[in-house]
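Read through the structure below, which is laid out as structure tokens, and then see the notes.
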């Protein structure tokens, strides 16, 4: 009888080449050549602190007690990172915005995993525990090149060799007894690769440093987005990420249907929307309307953008209250969209149709995928407003009998019919 492959063996096979590739990055070549700038190494330490903080916070918030037994005290790296950062307290440095954002993006992926699939974090744990393969010689090169105070500054990297010799067998045993069905096994592998991709991107951005410190930021958010402007302030981008997390909670449909690709486009779209706040209201309205109709044709009805703009405003205004007045252009754009929708589907009708949908499909569906009735009603409003393919872009997915039970499909058709007829 076939025996299940231990998860550590799958993870090692799936990530070994990534670990090797990380070790061959220009950052580590510069360490060996004694050419790495202190600013690059300090940004490296800060970026990893962001990532480990997010991971441990995700574990604390997780209801998965088994996962918390995997990540034991010997794996808590933040004290070592803080100790290393303190060794450069008197060293002149500067921020590297793209690298900071890269760390925040990986942190957000980890938080999303904790929310959607906490058991998959076992893969992230493996990656964070084992990614560095450079040995102690690189640590000596760093000390000689950067000369941190007290001869320290490399505790984090040096810890990997010591930990591997002392703790790897117990760690592997804890990993391998975690119950994982084949799908969960695969998700753990994907989480490990995602974590290593994030670490690789962070380190890639740190040497050589880009002379234009914000030019890489949209690519960090979404490599497929092209070169368009986004908010250049990391505080604003963090606010945008928080707004996205709220949107994901309100509309799980987005993540379920579009996955990580959709998440990244939502991030880059949010960064672009935040950048519009320096323009006048007419320009903001025009740009918002263009993006809204583009998304509606791809299955994201206009109501989604209405809500996104309000949440983006709230997060931005809370993060940077001194710019609250400029952010109100987002609220005005949301009001414009709402008035367009209300011409055919009022707020009251949208809420009533959403409630009617879940009365038919049941409360468990509302708990898992809320606001789908409202999205269907909004798509009808988009169709009636003349947005091409707006309804069919979501209707086909929502009424797919291979995906949903008969009661769901029938309820979706009914809500569309009632929204078209104006019967809430």
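Residue numbers (the working numbering): 23 to 446. Backbone N, C-alpha and C fix where the C-beta goes; we use that ideal spot for every residue, glycine too. On a predicted model such as this, the values are computed, not experimentally measured, just so you know.
Kindly indicate which three-state DSSP category residue 136 falls into: helix, strand or coil?
Note: residue 136 maps to helix in three-state DSSP.
Report the residue from 443, 231, 392, 323 whose alpha carbon sits nearest the alpha carbon of residue 18.
Absent from the model: residue 18. The displayed extent of the chain is 23 to 446, so no value can be given.
Apart from the five residues on each side of it in sequence, which residues of its chain come closer than 6 angstroms, Cβ to Cβ, to residue 148?
Taking residue 148 as the centre and dropping the five residues before and after it, the same chain places the C-beta of 33, 214 closer than 6 angstroms to its C-beta, in chain order.
Can you give me the Cβ contacts of residue 250 inside the same chain, cut-off strictly under 7 angstroms, excluding the 5 residues immediately before and after it?
240, 294, listed in sequence order.
Member of 348, 119, 81 whose CA lies at the smallest distance from the CA of residue 139
Of 348, 119, 81, the residue nearest in Cα terms is 81.
Going straight from the alpha carbon of residue 137 to that of residue 185, what length do you get?
Going from the Cα of residue 137 to the Cα of residue 185 covers about 29 angstroms.
How is the alpha helix (DSSP H) around residue 221 delimited, first residue to last?
Residue 221: member of the alpha helix (DSSP H) spanning 204-226, first to last residue.
Pick from 143, 44, 118, 47 that is closest to residue 83, judged by C-alpha positions:
By alpha-carbon distance to residue 83, the top candidate from 143, 44, 118, 47 is 143.
So, is residue 56 buried or exposed, given that buried needs 16 or more other C-beta atoms within 10 angstroms?
By the neighbour-count rule (16 or more Cβ atoms within 10 Å), residue 56 is not buried but exposed.
Three-state secondary structure assigned by DSSP to residue 416
Residue 416 falls in the helix class under three-state DSSP.
Per-residue burial, residue 15 [other beta carbons within 10 Å of its own, 16 or more giving buried]
With the chain represented from 23 up to 446, any question about residue 15 goes unanswered, as that position is not in the structure.
Using a Cβ distance threshold of 8 angstroms, determine whether the segment 356-376 contacts the segment 392-409, with at least three qualifying pairs required.
The segment 356-376 makes contact with the segment 392-409, as at least three CB pairs between them are under 8 angstroms.
Burial state of residue 42 (16 or more Cβ within 10 Å)
Exposed.
Quick check: what's the CA-CA separation for residue 24 versus residue 86?
In this prediction, residue 24 has a pLDDT of 39, which is less than 50 and means its spatial position is unreliable; nothing more can be read from the coordinates.
Between residue 282 and residue 414, what straight-line distance do the alpha-carbon atoms span, to the nearest angstrom?
For residue 282 and residue 414, the distance between alpha carbons rounds to 23 angstroms.
Closest by CA to residue 175, which one among 212, 95, 108?
The shortest Cα separation from residue 175 among 212, 95, 108 belongs to 108.
The alpha helix (DSSP H) that contains residue 286, what's its start and end?
Boundaries of the alpha helix (DSSP H) around residue 286: 274-297.
Give a yes or no on contact between the segment 222-231 and the segment 47-55, applying the rule of three or more CB pairs nearer than 8 angstroms.
At 8 angstroms Cβ cutoff, the stretches touch.
Is the separation between the beta-carbon of residue 306 and that of residue 299 shorter than 9 angstroms?
Taking 9 angstroms as the cut-off, the beta carbon of residue 306 is found closer than this to the beta carbon of residue 299.
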